[in-house]
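*Asks:* Protein chains in written order, with our numbering: chain D, 1 to 99; chain V, 1 to 505; chain R, 1 to 502; chain G, 1 to 263; chain L, 1 to 629. Before I ask anything, let me first share the structure, which is written out below as structure tokens.
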Amino acid sequence: MDASNYLYVSALLFTIGAVGVVVRRNAIVVFMCIELMLNAANLSFVTFSRINGDLDGQVMAFFTMVVAACEVVVGLAIIVTIYRSRRSASVDDASLLKR
Amino acid sequence: MTFTAPVLSYALLSPMLILLGGALIGVLVEAFVSKALRPAVQLTLTLGSILLSFMQLWRIRGEQSLTAAMGSVVFDGPAALLQGSILIIAFISVFLIADTENFTALAAALPGSDEERHALQSGNQVTEVYPLTLFAVSGMLLFPVANDLITLFVALEMLSLPLYLMAGLSRRRRLASQESALKYFLLGAFSSAFFLFGAAYLYGFSSSISFSGIREAIVGGGGNDVLLLIGIAFLSIGLLFKVGAVPFHAWSPDVYQGAPTPVTAFMAAATKVAAFGAMLRIYYTVFANAQWSWTPVLSGIAIVTMLLGSLVAIAQRDVKRMLAYSSIAHAGFLLSGVIALNKAGLDATIFYLLAYGIATVGAFAVVTLVRDSSGEVTDLNRWRGLGKRSPFAATTFALFLLAFAGIPMTSGFIGKFSIFSAAYESGAKGVVIAGVLSSAIAAFFYIRVIVLMFFTDATEDGTSVEIPSILTRATVIIAAVITVALGVYPAPLLNFITDLAIFIR
Amino acid sequence: MKWLTILMVLPLLGAAMISTLSKANEKAAKQLALATTLIVMAATIAMAVGFQRDNIDLQFVEKYSWIPSFGINFALGVDAIALVLILMSTILAPIVILAGWNEAHGGRWSVKTFYILILVLETMMIGVFAATDVFLFYVIFEAMLIPVYFLIGGYGTGERAAAAVKFLIYSLVGGLLMLASIIALYVMSGAQGGHTFDISELSKLTMSSTTQNLLFLGFFIAFAIKAPVWPFHTWLPDAAKAATPGTSVLLLGVLDKVGTYGMIRYCLTLFPEASKTFTPIILVLAVISIIYGAFLAIGAKDIKRLIAYTSISHFGFITMGIFAMTTQGHSGAILYMFNHGFSTAALFLVAGWMISRRGSSTIADFGGLQRVTPIMAWTFFVAGMSSLALPGLSSFVSEFLVLVGTFTRYPVHAIIATFGIVLAALYILIPVQRALHGPTTPGNETLSDLNLREKIAIAPVIAIIVVLGFYPAPLLKVINPAASHVISQMGFTDPAPTNGDK
Amino acid sequence: MLQLALEVGQTAKPEAVMFWILGPLAVVASLAILLVKKAVHSAILMAFVMIILAVFYIAQDAAFLGIVQIVVYTGAVMMLFLFILMLVGVDSSDSLTETIRGLRPIAITAAIGFGGLMISLLGHATLGRQALGLSAANADGNVQALAQLLFSTYVWPFEVVSALLITAALGAMVLAHHQRTIIRPTQRQLSINRFRGESLGTAAGLPGPGVYARHNAVDVPALLPDGTPSAESVNATLSARGDMLDYKKFDLSEINTKVEEEK
Amino acid sequence: MTTSTSLVYLIALPLAGAALLLLGGRRTDKWGHLLATGLSASSFGVGAYQLLQMLGRSAEERPVSQKLFEWIHVGNFNVDAGLLLDQLSICFVLLITGVGTLIHIYSISYMSHDPDRRRFFAFLNLFIAAMLLLVLGDSYLNLYVGWEGVGLASYLLIGFWNQKPAYATASKKAFVMNRVGDMGLSFAIMIAFATMGTVSFTGVAEHAHHTSEAALTGMGIMLLVAAAGKSAQFPLQAWLGDAMAGPTPVSALIHAATMVTAGVYLITRSNFVFDAAPTAQLLVVIVGAITLMFGALIGTAKDDIKKALAASTMSQIGYMILAAGLGPVGYAFAIMHLLTHGFFKAGMFLGAGSVMHGMNDEVNMRKYGALRKFMPITFATFGLGYLAILGVPPFAGFYSKDMIIETAFNAGGVKGIILGCVTLIGAGITAFYMTRVIILTFTGTKRWDEDAHPHESPWLMWLPMAILAIGSVTSGFLLSRGDALVNWLHPLFAHHGEHEELLKPIVVSGLALTMVAIGIAVAFLKYSRNEVAHVAPENVSVFTKIARQDLMQDRFNEAIFMRPGQALTATLVATDNAVIDGTVRGIGQMAMGSGSALRGIQNGFVRSYAALILVGAVALVAAIWVVVQ
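Written out as structure tokens, the structure is:
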């Protein structure tokens, strides 16, 4: 089987994630879509790692996971704070700042 | 399988290590020092770490090494200059952060709740901002010296995460502040994903995640460039997002406005230095040989960025938003230094970064001074007649604006001149013309603010200017002095930069 | 002796001393400012005495390294053109201060600030003419906008803020165009043997004609805005109307000269070929300025705007003289710059006194002043005569030289421009008739005549106007070598008498 | 098409089968994330996609990552998401109608353009070198090889990531931790306060609202034995909100408290 | 050429007087007029001395020059402040200082009640100085200084009573129309410099013969324009009538005897140009002829005594210009008529001033009448002037005017006949309107207002009148005796071949006298026999109406220059604001507008921002796709 097929999946997942960020209003879902994008990137790393025959890509993917975990902590903390203040998790409600 | 222990050259890493150590101690201080003592201890600790870090940096400024941390970190002249600039900016920004009026007393408390009121009355302070700042600064120091994609990504997140958090800690208008944190965070993470995706393709193209490996792959050629181009494009999105280039700029006005002003100052100045530092290294060393592919696109982005930043700034009614758009325009100017891709461009960009960063901190510092009973007043209409009520604030603000506008005798002019001449030298005449044009547009709104402050009479509600704390005043004065000094006699710094700013590969 | 540096430092010292005074001590600030400018004037005259007038090289040259990495020097030096303009500036400064003794009082800020700004401006006025490094010139060219901006916006009248902004924006836009050209020059100098901003080095650059044309335009438009040449002139009437009379004198008398001075010093020297290419267009613009400025002056209802428009007309003459490329035109233009400084000063200062007494600058509000305030009226009249270039007054010599110099090469332009002298009679005599003649109209009966201070201030101006009208030789002897040097460097020789091609 | 033609040995066929089953599933599931209304469902689908990715990792000789993906990512991170979803309201479902004008067409066009272009570009990509498998790199075992890299070549980022973790923890603390600004009194302290106070008047506890009052409502103060209304008897929140009725008008001291004996 | 060091005093003395009186202010009120008169007289003395010196030298040695100082030296444009006194200028010097001094004396009394008398004398002195500079300058540029100087002095003196708006307007009009002429002089100088490389009289004279006719014609026409402006010749004649707003001595000095004759001087002085440019010369003649008739016709309809005299001046100068245009043969006669005219016209103006002085400054002749008895001296001096202007032998005008008529006839061909007839008819009309003035003013019944108390003027006023009257009587005879003036001026002009005479001199004189007699007769019939209406009658012919309105000259100027000029000014003012400033503002507003529009992108929704990033990414990918394809 051709390993590049994984790349196509990765690209599709990345695209879907990116669109999700744009179309979904729930902050948590938006954030999940970002996670999907990160996962897609990871899949590319792993695939390229296999193609290139070295493990640097896997190391990078590992770091991505760690960093993503940190990001999730911070991000969810922010979302919760906003939710507590506004009683809403919709990103559209947070639009005081504009123009 | 044998394991060889890694060798780290601690001397070269020490500026970062000192800061990280300071941050860790700061976390411990949060846990163990009594509330009353914390602000003073944290402030001393933070300033001490930055100072120590700077002193260490000064000692090693002449060093060059590609293997400072097993190849993850490169240390050379530009690295020293950029790190030094970040440390200077951070140092005076911390003065602003130390002003108690800017941060919420208790971030977890609901806006407007009893709990918040109690916290305010008890003089509570979120002293955690100090270690967060130190973490951010160490991330910024790491960003321009990173020498592989992993370190670059980690540094990017390391400078971003504390800033996401700090953006939400404003004392007044907390809903807006939290909103800015959310926006900054979501968009930041979104752009990180692009960055990462691009990194993956660069890795796919070059079979290496180290900069040298990627550069060799570019020089050596091989297959076609599709993977490389995608990699460059997406990696650039992440970097351009950080510097606020159009069309990846949309976060910055909102975040600049919503975040506590000291954080805005710090973010606007230091992040730019770090991000442009990283860009310089990447484009000047890694992507240099693929110049044909990215200079046209980057030129287009630079032109659009300058023009849009200047044009939209004209229509702003809020001083922080106006400064945000101005910083977008400046990102465009700085991009022309990246495009230049020559020694003059490197020198000019580094000089511009320092000059602009310091003036930015100064300008935002003045913004923190203009207050009424309910906090900072950022509505430009209420800045009318400021020159009468507070000559100090108005005069220094005017000076910073003139520096932004690039009027001679200010650092901004030398910066603009050097960066445009570098860009012109490289043949990017369109960028220079757009730069000149947008400077003209930009001058319009800077002058409008000066008119507002000096030539119009105050409205009824009379914004009062609080007597600034010594530290804020110090920031303003230091920034003003440096801005003028670099405008009148920039030769020493320029020579210093010229001698030092040589990338090693 | 480092004359030029001394000249530039002296006003700054004065400003520093004034800044130590308390705000309430207005009188001391004024006296100190006056004393400083007088000392500067004396020093300038002392320097001018030592000027070798047959030496076409730069004199009193000084050079200090400023920003070595860009090849920028703090380089000063004067030739005859610069010397004459510096002389004019430093003579005008004390006159302006003395004449506008009280004009700082209506301002937004203290009297002290006003004089600090004036003195800083004087330093820059000297520097801008003395600079021989293009970068230094540009720095001062732009930086001097700032004090003027605050002088107009802070101490002016009426729509002062808007006028100040208009002035600044116009100038900045022009300046930025020039900056683009300077950058190009800098880069080219780097490619052709090392970065430099030395004007004589830069003039040796080789460049394609397209490049030269574009760079020329960058410089020229900046200067045309400054000068101001039609159609870049609309800032001037507003600024002149809003500014205090003293500021207006410095604005029209000195600052605008930077534009015409720049045309000679930078446009012609750096881009001789492009100058030739654009000469036809520029001459047309100059002629339009002459006629257009005159017509608008005739149509002006406000006395300050009127004077501003007359200046547009006069700057048209100067520009025409510069680009006529004959020694007569050139010398005439340079002399015109000097003379215009004084005739405009006279007009503006007297107009300023009239306005401050009457509380209005609308011409229609005056009437019959000759009976009420004869001395003021007559000084205004003399100033007006100088403005319309009456023979025997200084402007005539220069205006006629410009015309005759232009005629030998461009007869049609000169003929059209000459119609300006009829229009000049109208734009001066109309306000003279309305304001000075006729019955004394209500509101003017109790105006007071010039006091001693004002007489002392205006006397030297009138004296210079009259003396130079009859005896311009001392100045012309200084100017001529420089003017013919420029012309010959451009590769021009004066047209020989044609005898009608017989 | 990438000239990868990677020989994956005996696993070739099973991997292809696995890929062609799970690949489309992953795409469909992720699409579903966008389309389902309830955030919880999105989260479940997300976890599903992650697990599929973990399988992909393992299939591509990244066993360690596959495990980490399941344990850390799916197990911890996604659970954190779910936890927060519970906090925010698990039942809440989003409306999927677009409220920002013009955004949806832009998003769809961008998505199709982006996906289409990316796939088209990948189709054009060439590597210019031989594609290798990981057999050599993983010779000593995947985990060992990764450890070798992590603790030598990438030790610096590895160390630095710790700072990131601390930042995250600190950040969560800052935003979520309610520091006590007022020390909550202990039972003992309360007792002391009650009995060692200035008067013993309230030692027996505060009267409830409405007691002896003229009305039996929570916003009507109780009457003390002497007929005066007691402000303390009404909930502080009500007083703060100004919802309490003016207690003065319930004062009985002004009317004659002496009850006439019924004859 | 002889050099001298004393020429400068001619100018310096009156100039010093002007400066002293103007700067001295009220302190000089008491003796200022005396000083001014004295200085003018001493200037006359210097002039007389120079004449004596000159007489003592041979014809070639007579011109005297003096270089004062270096004036304008630029490249090959070299003009020094230099003076030249030759046979031509000495005539003018003596006329100016002589008549000028008399008028100073007259003014002492005439202006004695004016609080600003000192200023008046200052201006008179200024005028004398400027006029002397005009005739003494040795180059066109020096002449130009005097030329504009007299314009200025004239402006100041016409507007001396400028508190009256009409007077102020009149002075402005004079100055502006003079400036049109000055423009012509500027052009002439420029042409001279461009073609001959010199602007001095001697230089131009040397170069003239080898310069193309086209250039000389251009220069000549421009000189004619200048002359027309200063001498109130067609088409720049309109200002002279209004200039009568000034005090009467001014009219006598400037607008009769001296300044208005500067045009004649200029043309005569430039004889070398006109001699080589026949076209220009022809134009001079035409202008002279037109003005001659023009002035005469206006003169017939004016009721204002000064305006009638002004019209007469215009007409007489037309004679001179015509004569000057006839070339070498006419120059001397032009100068002769100029001199005699200087005497009799100045005398008549002073007479008019005397009348006005006695009549409460009334100028309307219809309110005079029968003043002969009350002002005998005035009547006598005025009458002598009248006879002189009519050309009755042996009064001055007879010699000068007859010569001009004669020369006109001799100009040859049709041109000669036309010119001769014009000059003859002009003489007749002159007789008519001058007789009308005499009748209306001095004879008939009194038509004064109630409060008028006519009386003879004091001696200080009538003495100058008397002296001038003597001049009116004798000057013609003296100057033409033995062709004294013609021979005197002869060295300056090109020699002319003898023309064949069309008519014998005696025939011309006869014809002229006949015309004069007809004119007088018509005037007698019209005015002496009928009662003169107090108010100008309205039921008059169209021609009279037009003549009263100065032959529509003001209307013409208004329609052709003033209105379009005002419209142009208004248009330009509007254009400046709307178009040029509007463009600038428009650019500003465009920037503002686009700024506001672009703000719309920043709609506050984080999802839009993300979409923007996504779109940016798509754009980048698309760019790559394009590159790769």
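A virtual CB, placed ideally from N, CA and C, is assigned to each residue, including glycine.
Looking at the C-beta of Leu12/D, does it have a partner C-beta in chain V at a distance below 8 angstroms?
*Replies:* No, because no Cβ of chain V sits closer than 8 angstroms to the Cβ of Leu12/D.
*Asks:* Strictly below 8 angstroms CB to CB, what residues from chain R border Asn495/V?
*Replies:* Correct list: Pro68 and Ser69.
*Asks:* Measure the C-alpha to C-alpha separation of Ala308/L and Met365/L and round it to an integer number of angstroms.
*Replies:* Approximately 10 angstroms, taken between the alpha carbons.
*Asks:* Tell me, which residues are paired with Arg371/V by DSSP?
*Replies:* Looking at the DSSP assignment, Arg371/V forms a beta bridge with Glu376/V.
*Asks:* So, is the C-beta of Phe151/G closer than 8 angstroms to a C-beta in chain D?
*Replies:* Chain D contact via Cβ: absent.
*Asks:* Would you check if the stretch 167-175 of chain V and the stretch 231-249 of chain V touch, i.e. whether three or more CB-CB distances between them fall below 8 angstroms?
*Replies:* Too few Cβ pairs lie closer than 8 angstroms, so no.
*Asks:* Is the stretch 232-242 of chain L touching the stretch 120-136 of chain L in the sense that three or more CB pairs, one from each, lie closer than 8 angstroms?
*Replies:* No contact exists between the stretch 120-136 of chain L and the stretch 232-242 of chain L.
*Asks:* Report the neighbours of Met409/V on chain R: residues whose CB is nearer than 7 angstroms to its CB, in chain order.
*Replies:* Within 7 angstroms Cβ-Cβ: Val139 and Ala143.
*Asks:* What three-state label does DSSP hand Ala89/D in the structure shown?
*Replies:* The answer is coil: DSSP assigns Ala89/D none of H, G, I, E or B.
*Asks:* Check whether the Cβ atoms of Ala547/L and Leu297/L lie closer than 8 angstroms to each other.
*Replies:* Yes. Within cutoff.
*Asks:* Given this structure, state the Cα-to-Cα distance separating Val148/R from Gly341/R, to the nearest angstrom.
*Replies:* One C-alpha to the other measures close to 17 angstroms.
*Asks:* How would you list, in chain order, the residues of chain G whose beta-carbon sits under 9 angstroms from the beta-carbon of Pro162/V?
*Replies:* Correct list: Thr167, Leu170 and Gly171.
*Asks:* Identify the contact partners of Ser120/G in chain L, using a Cβ-Cβ distance below 8 angstroms as the criterion.
*Replies:* Those are Trp625, listed as they occur along chain L.
*Asks:* Taking Cβ-Cβ distances shorter than 7 angstroms, what residues in chain G pair up with Val608/L?
*Replies:* The question names Val, but residue 608/L is Ser in the sequence shown. Residues of chain G passing the Cβ test: Ile100 and Leu103.
*Asks:* Using a Cβ cut-off of 8 angstroms (strictly closer), state whether Thr247/R contacts chain L.
*Replies:* No, because no Cβ of chain L sits closer than 8 angstroms to the Cβ of Thr247/R.
*Asks:* For the ligand FAD, is there a heavy atom less than 7 angstroms away from the beta-carbon of Leu479/L?
*Replies:* As far as ligands go, the structure on display features none, and thus does not contain the ligand FAD.
*Asks:* Let me check one thing: in DSSP terms, what residues is Asn26/D bridge-paired to?
*Replies:* Ser90/D, per the DSSP bridge assignment.
*Asks:* Note down, in chain order, every chain L residue with its Cβ under 7 angstroms from the Cβ of Ser44/D.
*Replies:* None at all; the shortest Cβ gap to chain L is about 15 angstroms.
*Asks:* Verify whether the separation of the beta carbon atoms of Ser85/D and Pro111/V is less than 8 angstroms.
*Replies:* Result yes, Cβ atoms of Ser85/D and Pro111/V sit closer than 8 angstroms.
*Asks:* Determine whether the Cβ of His455/L lies closer than 8 angstroms to any Cβ atom of chain R.
*Replies:* It does not; no Cβ of chain R falls within 8 angstroms.
*Asks:* Does the separation of the CB atoms of Phe114/R and Val478/R fall below 8 angstroms?
*Replies:* No. Outside cutoff.
*Asks:* Can you tell me whether DSSP reads Lys63/R as helix, strand or coil?
*Replies:* Lys63/R: strand per DSSP, three-state reduction.
*Asks:* Using only CA atoms, which one of Lys226/R, Ala459/R and Pro442/R lies nearest to Val566/R?
*Replies:* The question about residue 566/R has no answer, for chain R in this structure spans 1 to 502.
*Asks:* Give the DSSP-derived three-state secondary structure of Leu83/L in the structure shown.
*Replies:* Reduced to three states, the DSSP call for Leu83/L is strand.
*Asks:* Name, going along the chain, the residues of the stretch 559-591 of chain L whose beta-carbon falls closer than 7 angstroms to a beta-carbon of chain R.
*Replies:* Flagged, chain order: Leu568, Thr569, Ala570, Leu572, Val573, Asp576, Ile580, Asp581 and Val584.
*Asks:* How many angstroms separate the CA atom of Tyr352/V from the CA atom of Ile419/V?
*Replies:* Rounded to whole angstroms, Tyr352/V to Ile419/V spans 7 angstroms at the Cα level.
*Asks:* Please classify Thr210/R: is it buried, with 16 or more other beta-carbons within 10 angstroms of its beta-carbon, or exposed?
*Replies:* Thr210/R is exposed by the Cβ-count criterion.
*Asks:* If we define contact as Cβ-Cβ less than 8 angstroms, is Ser72/V a contact residue for chain G?
*Replies:* Chain G, which has a Cβ nearer than 8 angstroms to the Cβ of Ser72/V, makes this yes.
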